[in-house]
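Chain order of the listed sequences is A and B. Once you know that position 86 of the first sequence is 86 in full-length UniProt numbering, the rest is easy, because the numbers rise by one and skip nothing. Once you know that position 154 of the second sequence is 154 in full-length UniProt numbering, the rest is easy, because the numbers rise by one and skip nothing. Quick notes on the structure that follows.
Number of protein chains: 2
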Amino acid sequence: MTDVAESKVAESKQDRIARRQVDKFDARRTELAVATLHTLAELGYARTSLREIAQNSEFSHGVLHYYFADKRDLITEAVRQYEVVCVTRYDEVVAHAVTSEQLRAEFVAMFFDTLGQDATLHRLWYDLRNQSLFDASFRADVLEIDTHREAMVWRVISRYAELLGGVVAGSSGTVYVTLDGVFQRALLHHLAGDAETVARLRAELPDVIDLLVSKAD
Amino acid sequence: MTDVAESKVAESKQDRIARRQVDKFDARRTELAVATLHTLAELGYARTSLREIAQNSEFSHGVLHYYFADKRDLITEAVRQYEVVCVTRYDEVVAHAVTSEQLRAEFVAMFFDTLGQDATLHRLWYDLRNQSLFDASFRADVLEIDTHREAMVWRVISRYAELLGGVVAGSSGTVYVTLDGVFQRALLHHLAGDAETVARLRAELPDVIDLLVSKAD
DNA sequence: GTTTTTCCTTGACGACTGTCCAAGATTTTT
DNA sequence: AAAAATCTTGGACAGTCGTCAAGGAAAAAC
Chain A
1 MTDVAESKVA
11 ESKQDRIARR
21 QVDKFDARRT
31 ELAVATLHTL
41 AELGYARTSL
51 REIAQNSEFS
61 HGVLHYYFAD
71 KRDLITEAVR
81 QYEVVCVTRY
91 DEVVAHAVTS
101 EQLRAEFVAM
111 FFDTLGQDAT
121 LHRLWYDLRN
131 QSLFDASFRA
141 DVLEIDTHRE
151 AMVWRVISRY
161 AELLGGVVAG
171 SSGTVYVTLD
181 GVFQRALLHH
191 LAGDAETVAR
201 LRAELPDVID
211 LLVSKAD
Chain B
1 MTDVAESKVA
11 ESKQDRIARR
21 QVDKFDARRT
31 ELAVATLHTL
41 AELGYARTSL
51 REIAQNSEFS
61 HGVLHYYFAD
71 KRDLITEAVR
81 QYEVVCVTRY
91 DEVVAHAVTS
101 EQLRAEFVAM
111 FFDTLGQDAT
121 LHRLWYDLRN
131 QSLFDASFRA
141 DVLEIDTHRE
151 AMVWRVISRY
161 AELLGGVVAG
171 SSGTVYVTLD
181 GVFQRALLHH
191 LAGDAETVAR
201 LRAELPDVID
211 LLVSKAD
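Structure representation (structure tokens):
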């Protein structure tokens, strides 16, 4: 009995230790994944090396193989970090907008804000989505993130239709590819330094949104 | 006088020789650029090496630096080859369709035909367009090709509106990003082996087209 | 047929890659 | 304070990369 009790105590103690170490381990994994994310955003998938990632962290390159099985494992974790950052961006706008005009205007504003602010992160997303066209090992994560992005856009547009007293004219997928297409195009011209084209896309976006929503008369 | 005449003859002779050599030189450049295109389509930009390209041609890797200044020069030429192949795809459909229903149906058919047929080429295009988000040296070519693609789509949709007796509801850019977005998404699911989603996108495409065109009553 | 020019192969170079490991530094446990 | 477990470093490894140059093969010019 005593032996068992002691053993239980010992176990739970070791468990506590183990759990703490796991937490610490995970924290460092996340830290390194974030450094990876920044490196990828800066250089793109094709030119990102482990040594470059390590230089963007406070560790040496050898440590990466202590926390990650290989490069793919590391990059996959970085992609998951991206998702955490990026997928609830418009929820606040949806939550507190009380008129359709307000929602549309604030969505457009945030759309182009994040375009300028997080341009390198966004180009990374498109880079990785494209990588998944060649490398099957990214596909599952990419498709999952894409689904979440689609849902995010849908929350905005369906709420807009609701406030407007109309219905969304296309499917969730159609709405998503349209707005994502506008974003991709704006990103390209933004990075190319063509502010004029970006401004034009911004001016057109409200019309694009209205194209996707049929107002009931 | 005679000297001058002889010199002229000699010059024009040398010119002829020079021209022929230039033609031969260009022909081989094109040949190697095509091999590059196939390699890029297969492996993607990130994993395409000069030795791999050479293996897809009938030459050895050293010859690439005889015909091209460096890797960038070679890949740029390959991108230009892509444009030649890809940008008049729907013109025949536009030319011989006599009803709006026919044009729409044949466009949809060709849209998904090329999706399956030239999937690797298309994923290369998206790969290179994305590369231009990181590497400015591709941007000019990418933007030019993108413009041509947009014009190609516009020819289809504006003709469709004409046959239908309506007007296009969005700008040329809006129409392009929407249909290109559908294509990108269909390509991803096609390469992921998800035939069901591709079929759904195909079934939805006519509605997407009609969304972009307002029929006059 | 010989010389000259053009074309192509082969091997080498330095730099860079992902991966692994021995050994030292640090932290935790006893 | 000693011992054990954990973390981190920095160098070595086997490859691969783009690039280049020497020299042989082929073609063209005479």
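Idealized CB from N, CA, C, for every residue including glycine.
| Check | Outcome |
| --- | --- |
| So with CB distances below 8 angstroms, who are the chain A contacts of L211 of chain B? | A169, G170, T174, L211 and L212 |
| Output needed in chain order: residues of the stretch 118-130 of chain B with a Cβ under 7 angstroms from some Cβ in chain A. | R123, Y126, D127 and N130 |
| Just reading off the beta strand (DSSP E) that V213 of chain B is part of, what are its end residues? | V213 to K215 |
| Determine, using beta-carbon pairs with one atom in the stretch 171-182 of chain B and one in the stretch 176-188 of chain A, whether at least three such pairs fall under 8 angstroms. | yes |
| In chain order, what residues of the same chain have a beta carbon less than 6 angstroms from the beta carbon of H61 of chain B, not counting five sequence neighbours either side? | L50, R51 and A54 |
| Tell me, which residues are paired with V22 of chain B by DSSP? | Per DSSP, none; premise fails for V22 of chain B. |
| Mind checking which residues open and close the beta strand (DSSP E) that includes V168 of chain B? | G166 to V168 |
| So is Y82 of chain A in contact with chain B if we call contact Cβ pairs under 7 angstroms? | no |
| Going by Cα to Cα distance, which pick from A:V85, A:R72, A:V108 and A:T30 is closest to A199 of chain A? | A:V108 |
| Quick one, are the C-beta atoms of L32 of chain B and Y67 of chain B less than 7 angstroms apart? | yes |
| Give the interface partners of R139 of chain B over in chain A, defined as CB-CB distance under 9 angstroms, in chain order. | L188, L191 and A192 |
| If you pair each beta-carbon of the stretch 93-103 of chain A with each one of the stretch 153-166 of chain A, do three or more pairs fall below 8 angstroms? | yes |
| Consult DSSP for G173 of chain A and reduce its assignment to one of helix, strand or coil. | helix |
| My understanding is that L212 of chain B touches V156 of chain B, with C-beta atoms under 8 angstroms, so please give their C-beta distance in whole angstroms. | Actually they are not in contact, since the Cβ atoms of L212 of chain B and V156 of chain B sit about 11 angstroms apart, beyond 8 angstroms. |
| Given a threshold of 16 other Cβ atoms within 10 Å of its Cβ, counted over all protein chains shown, does H65 of chain B qualify as buried or as exposed? | exposed |
| Return yes when the Cβ of D127 of chain A is within less than 7 angstroms of the Cβ of N130 of chain B, no when it is not. | yes |
| For chain B, find out if any of its Cβ atoms is closer than 7 angstroms to the Cβ of D180 of chain A; answer yes or no. | yes |
| Using a Cβ cut-off of 7 angstroms, which residues of the stretch 65-89 of chain A contact any Cβ in chain B, in chain order? | none |
| For the alpha helix (DSSP H) that S100 of chain A lies in, which residues bound it at each end? | S100 to Q117 |
| Can you tell me which of B:V84, B:F59 and B:H148 puts its alpha carbon nearest to the alpha carbon of R28 of chain B? | B:F59 |
| With 9 angstroms as the C-beta to C-beta threshold (strictly closer), list the residues of the stretch 30-50 of chain B near chain A in chain order. | E42, L43, G44, Y45, A46 and R47 |
| Buried or exposed for D113 of chain B, going by 16 or more other Cβ atoms inside 10 Å? | exposed |
| Would you report the Cα separation of M152 of chain B and C86 of chain B, rounded to the nearest angstrom? | 10 angstroms |
| DSSP three-state call for T48 of chain B: helix, strand or coil? | coil |
| Check the C-beta distance from R72 of chain B over to S137 of chain B and give it rounded, since I have them as a contact under 8 angstroms. | 6 angstroms |
| Pull up the CB-CB distance for E144 of chain A and S172 of chain A, whole angstroms please, since I reckon it's below 8 angstroms. | Wrong, their Cβ atoms sit about 16 angstroms apart, outside the cutoff. |
| Are D141 of chain A and V79 of chain A closer than 7 angstroms when you measure CB to CB? | yes |
| In whole angstroms, what separates the C-alpha of T39 of chain B from that of W125 of chain B? | 13 angstroms |
| Can you name the start and end residues of the alpha helix (DSSP H) that Y66 of chain A belongs to? | L64 to Y67 |
| Is R139 of chain A near the ligand SAM - that is, is its Cβ less than 6 angstroms away from at least one heavy atom of it? | Only the bare structure without any ligand can be found here, which leaves the ligand SAM out of the picture. |
| Using a Cβ-Cβ distance cut-off of 7 angstroms, determine whether V208 of chain A contacts chain B. | yes |
| I'd like to know whether the C-beta atoms of H190 of chain B and L115 of chain B end up nearer to each other than 7 angstroms. | yes |
| Let me make sure I understand the geometry here. Which of B:R139, B:R104 and B:Y82 has the alpha-carbon closest to that of D118 of chain B? | B:Y82 |
| Give the straight-line distance between the Cα atoms of D210 of chain B and L43 of chain A, rounded to the nearest whole angstrom. | 40 angstroms |
| So, helix, strand or coil for N130 of chain A, using DSSP? | helix |
| Which of the three DSSP states is assigned to D180 of chain A in this structure? | helix |
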